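Read left to right, the sequence shown gives residues 1 to 135 (the UniProt record's numbering).
Backbone N, C-alpha and C define an ideal beta-carbon position, used for all residues, glycine too.
All figures in this text were calculated on a predicted structure; none of them were measured in a lab.
A quick write-up on the structure given underneath.
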Amino acid sequence: MKKYTFTKEERLCSKRWIDHLFDNGSSFIVYPFRMVYAQAPSELPYPVQTIISVSKRKFKKAVDRNYFKRRMREAYRLEKHNLYDFLTEHSLHLLLTIQYVGKEDLPFAEMQAKMKQMLLKLKNEIAKSDLGEGN
1 MKKYTFTKEE RLCSKRWIDH LFDNGSSFIV YPFRMVYAQA PSELPYPVQT IISVSKRKFK
61 KAVDRNYFKR RMREAYRLEK HNLYDFLTEH SLHLLLTIQY VGKEDLPFAE MQAKMKQMLL
121 KLKNEIAKSD LGEGN
């Protein structure tokens with residue numbers, strides 16, 4: 001049985017790696033999310049380390065930002081296992097940020113479907129890029 005968790009070790013906190021992610025990363029948008037990803041510079045305890053963020057410019061109240069982040073974390077937690085299996089199979093490690101770029105509240109089911117679509121697109125991007133051709 002798979003464990004659907006999102007632990008502290010899976011969260012990206014290192015300033016050096018965050019700088020590396022935004023300096024060297026590639027990005028794409030699956031509305032209402034924007035994803036920036038880059039290959040990790042070294043081995044990580046998990047295949048992916050992730051940042052989840054919501055714009056302060058679009059959502060002024062911290063309560064609103066926290067609400068969206070909580071729902072994004074939940075959607076990611078439920079959908080990440082396919083990405084993890086793919087990355088483990090290819091011995092890859094990624095740094096990842098998921099940003100909410102939408103302006104309105106979506107139902108959770110729709111948000112989860114978009115998260116699944118975005119992670120599938122990430123898997124396809126990795127497979128066709130140089131990241132996936134290492135093996």
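{"Item": "Locate the beta strand (DSSP E) running through F28, then write down its first and last residues.", "Value": "S26 to V30"}
{"Item": "In three-state DSSP terms, what is A40?", "Value": "coil"}
{"Item": "Smallest Cα separation from L44: which of L119, W17 and K80?", "Value": "W17"}
{"Item": "Please report the residue range of the alpha helix (DSSP H) in which Y100 lies.", "Value": "From DSSP, Y100 is part of no alpha helix (DSSP H) but of the beta strand (DSSP E) over L94 to Y100."}
{"Item": "Specify the secondary structure class of T88 as computed by DSSP and reduced to three states.", "Value": "helix"}
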